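A.B. asks: Residue numbers (our numbering): 132 to 423.
Pasting the structure below:
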């Protein structure tokens, strides 16, 4: 165990996980969201020790883990995704969930009971690229497991990550029951039409009265209209955005379909004569919240 006040640098494989669409489920049904979170944590914690994974901490609905071996991290990620798929098919009536996993191998700093450094940051940045039910690994992980992994490894391409000078090559890990192939990447430098673009997704009506739907829809329409009047900013039309109403899809896939760089989403709650509005601006490339 690392004692308080100590710090040392080491090479390690870092894994980040998170539940896809958890915040949206929490807004719609808090009891269901908490039950799914408990199932998710119980399932993953039963798998970590099999691969000598060290749980560093939970971050909201995500895990940060450290492994001494890149191969062990990928094997752990594969068992996680296969276990979730089996759980979902066996208990659909209890609700289902999907997880994204990002794995990077590199230099980290172990400080007290935490892990920090570029190795951690890169794992966090590539995790959203995996897509629902996917595993995304960096070039460094690929180099270490290419000739030893039983899983299929498919090149996704290069991505430009925040605070990194050079693009990073990333790969998708195939496993039994996985999608037929990796999701398409939305690169910051790939499409000029996506550079200055935003899609406003239908705001959720969080009021107890369904008749207040007109408030959330009206706000969404007003925002689309306001953004569309800004010079140099491309905004998908109302019909395009409202096609995703009520659909719990990964923002990267929505961004790909609408060809936008950022997505604005939120909720509206009416209490007596007051409105409570929440909103968040999301980077489609990596799933980061740019503003809320």
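All C-beta atoms, glycine included, are put in the ideal place defined by N, C-alpha and C. All values derive from a computational prediction rather than experimental measurement.
1) Using DSSP with H/G/I as helix, E/B as strand and the rest coil, what is residue 271?
2) Note down, one range per segment and in chain order, each beta strand (DSSP E) of at least 3 residues found wholly within the stretch 244-288.
3) Considering only DSSP beta bridges, list what residue 233 is partnered with.
4) Within this structure, are the beta carbons of residue 512 and residue 332 separated by less than 9 Å?
5) With a 10 Å radius around its C-beta and 16 neighbouring C-beta atoms as the bar for buried, classify residue 377 as buried or exposed.
6) Where does residue 153 fall in DSSP's three states?
7) If you follow the beta strand (DSSP E) that residue 302 is in, where does it begin and where does it stop?
8) Rounded to the nearest angstrom, what separates residue 267 and residue 204 at their Cα positions?
9) Please report the Cβ distance between residue 399 and residue 350, rounded to the nearest whole angstrom; I am assuming they are in contact, meaning their Cβ atoms lie under 8 Å.
10) Go through the stretch 325-397 residue by residue and report every complete run of the alpha helix (DSSP H) that reaches 4 residues or more, in order.
11) Return the residue from the list 342, 219 and 186 that minimises the CA-CA distance to residue 147.
12) Can you name, in chain order, every residue of its own chain whose Cβ lies under 6 Å from the Cβ of residue 242, other than the five neighbours on each side?
13) How do the stretch 160-169 and the stretch 205-214 stand: do at least 3 beta-carbon pairs fall below 8 Å, yes or no?
14) Put residue 168 into one of helix, strand or coil per three-state DSSP.
15) What are the residues that DSSP puts in a beta bridge with residue 242?
16) Counting pairs of Cβ atoms below 8 Å between the stretch 173-185 and the stretch 272-285, do you hit three or more?
17) Nearest CA to the CA of residue 177: which residue from 367, 208, 371 and 157?
18) Per DSSP, residue 186 forms a beta bridge with which residues?
19) Three-state secondary structure (DSSP) at residue 415?
20) Should residue 303 go down as buried or exposed, given a rule of 16 or more other Cβ atoms within 10 Å for buried?
21) Between residue 229 and residue 222, is the Cβ-Cβ spacing less than 9 Å?
22) Hey, out of 423, 339 and 420, whose CA is closest to residue 402's CA?
23) Shortest alpha-carbon distance to residue 252 belongs to which of 287, 387, 195 and 308?
C.D. replies: Let's see:
1) Of the three classes helix, strand and coil, the one that applies to residue 271 here is helix, per DSSP.
2) Listed in chain order, the beta strand (DSSP E) runs fully inside the stretch 244-288 are 245-247 and 266-269, counting runs of at least 3 residues.
3) Residue 233 is bridged by DSSP to 147 and 267.
4) Past the boundaries of the shown model lies residue 512; the chain is included only from 132 to 423, so the question cannot be answered.
5) Answer is exposed; the Cβ neighbour count stays below 16.
6) In the structure shown, residue 153 sits in a helix (DSSP, three-state: H, G or I).
7) Residues 299-305.
8) The alpha-carbon atoms of residue 267 and residue 204 are separated by roughly 12 Å.
9) Confirmed, Cβ separation roughly 6 Å.
10) Within the stretch 325-397, the runs of alpha helix (DSSP H) at least 4 residues long that lie entirely inside it are, in chain order, 344-359, 369-373 and 382-389.
11) Ranked by how close their Cα comes to the Cα of residue 147, the residues 342, 219 and 186 have 186 in first place.
12) 138.
13) Between the stretch 160-169 and the stretch 205-214, the count of C-beta pairs closer than 8 Å stays below three; the two stretches do not touch.
14) DSSP places residue 168 in helix when its eight states are reduced to three.
15) Answer is 138 and 245, bridged to residue 242.
16) The stretch 173-185, when compared against the stretch 272-285, does not touch it at the 8 Å Cβ threshold.
17) If we check each option's Cα against that of residue 177, 208 comes out closest.
18) According to DSSP, which records beta bridges pairwise, residue 186 is partnered with 196.
19) Looking at residue 415 - three-state DSSP - the assignment turns out to be coil, as it is neither helix nor strand.
20) Burial call: buried.
21) At a Cβ-Cβ threshold of 9 Å, residue 229 and residue 222 do not count as neighbours.
22) The shortest C-alpha to C-alpha distance from residue 402 to any of 423, 339 and 420 is the one to 339.
23) With respect to the C-alpha of residue 252, the residue from 287, 387, 195 and 308 having the closest C-alpha is 195.
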